[in-house]
Structure formats: structure tokens, C-alpha cells
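The sequence shown maps to residues 8 to 162 in the working numbering.
The structure under discussion appears below in the form of C-alpha cells.
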Amino acid sequence: LGLANYYRKFIAGYSKRAAALTDLLKKDVTWVWSVRCQEAFQNLKEAIASEPILKLPDFELPFEVHTDASDKAIGGVLVQEGHPVAFESRKLNDAEQRYSTHEKEMVAVVHCLQVWRVYLLGTRFVVRTDNVANTFFQNAEKVESKTSKVARISG
């Protein structure tokens with residue numbers, strides 16, 4: 008898992024793919040290698056061997072930030088001209104897993120913008136995410152405090 012984690016920036020959706028394996032590392036969890044663990048292990052091996060080659064960034068071209076969220080993880084792809092420049096993903100913590108769908112989507116956006124700020128500062132870029140998150144923040148009259156910060160950052 009350590010080697011796969013080293014290559015995580017090259018693997019789309021790494022956190023979601025590795026979730027069954029990283030769950031084994033939690034404190035007070037009985038270590039049982041299940042079919043789900045074997046499938047995750049095989050999936051990571053295949054991803055390391057076959058994922059697309061990352062494109063070097065060209066700061067003369069616009070960037071696109073594609074993000075998504077699931078029940079357990081968030082992730083994104085930094086793209087130029089349809090080619091991946093970088094991948095990012097992480098598992099959601101226990102509190103974040105209880106967020107609504109639109110809150111998880113916005114956590115994904117903010118997380119990716121923070122990780123890729125060195126690429127994005129001073130450039131024009133487009134964020135592409137599920138419509139549910141975008142629509143919510145454009146139309147919400149009263150936004151909760153934890154999401155109002157996200158709305159200001161993405162503003």
C-alpha cells in the first residue's frame with residue numbers, strides 16, 4: 008500500500024480505489040483480507056501499470072478542474088486540452104461523510120483548488136463539478152456556516 012500511495016497522484020480516484028485496504032489500517036479494526044480487499048489490491052496494481060501519462064502543464068493554456076464526490080471519498084483531475092495534468096483524491100473523514108451531497112461536492116472543489124493552487128494562481132481556469140453543487144450555491148438564500156466559507160472561496 009505504501010508504494011501505491013507514493014503513486015497516488017498518477018491514479019484517478021486513488022482514495023476510493025484504496026478504501027478497502029486503508030480501512031484495514033484503522034485502529035481497533037480486526038485485520039481480515041476479504042474479497043473486497045483483494046479486488047481493491049488488484050485494481051491498484053492494474054492502475055499503477057496502466058493509468059494515463061500525465062501531461063506537463065502549459066501555463067499559456069487554460070486549466071480545467073474536474074471534481075467529484077462519493078459517500079467515502081473526494082477527487083479531481085486537473086486537465087488541459089483534454090489531458091490529465093494531475094490527479095488528487097482523499098477519503099472523507101467521519102464528519103465529512105455525514106455531509107449532504109452538495110456539501111461533499113463543494114469540499115471536493117475547495118480541496119482540489121487548494122492542492123493545485125500553484126498551478127492555478129494567476130491563471131484562468133474552469134471548475135467542472137456535478138450540477139447539484141453548483142445550483143445549490145448559486146440559489147441558496149441562507150447557507151450554513153461551514154458551506155458559506157466554501158461559497159466565498161469558490162465565489
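Positions of the beta carbon are idealized from the N, C-alpha and C atoms, including for glycine.
What residues match up with His90 in a beta bridge as DSSP calls it?
Gln87.
DSSP state of Arg43 mapped onto helix, strand, coil:
Reduced to three states, the DSSP call for Arg43 is helix.
Would you decide whether Glu88 is buried or exposed? Buried here means 16 or more other CB atoms lie within 10 Å of its CB.
Residue environment for Glu88: exposed (fewer than 16 other C-beta atoms within 10 angstroms of its C-beta).
Would you mind reading off the limits of the beta strand (DSSP E) that contains Arg24?
Taken as a continuous stretch (DSSP letters only), Arg24 belongs to no beta strand (DSSP E), being part of the alpha helix (DSSP H) at 21 to 30.
Assumed close pair Ala27, Ala47 - CB separation to whole angstroms, cut-off 8 Å:
Contact holds; Cβ gap of about 4 Å.
Can you give me the Cβ contacts of Ala56 inside the same chain, cut-off strictly under 7 Å, excluding the 5 residues immediately before and after it?
Answer for Ala56: no residue qualifies.
Taking a contact to mean a Cβ-Cβ separation below 8 Å, would you say Val72 touches Trp123 in this structure?
Taking 8 Å as the Cβ cut-off, Val72 and Trp123 qualify as a contacting pair.
Less than 8 Å between C-beta atoms, sequence neighbours within five positions excluded: which residues of the same chain meet that for Cys44?
Excluding positions up to five away in sequence, the list reads Ala27, Leu28, Leu31.
Using the rule of at least 16 other Cβ atoms within 10 Å of the residue's Cβ for burial, across every protein chain shown, is Ile60 buried or exposed?
Exposed, because fewer than 16 other Cβ atoms sit within 10 Å of the Cβ of Ile60.
Just verifying my parser: in three-state terms, what is the DSSP assignment at Asp75?
The answer is strand: DSSP assigns Asp75 an E or B state.
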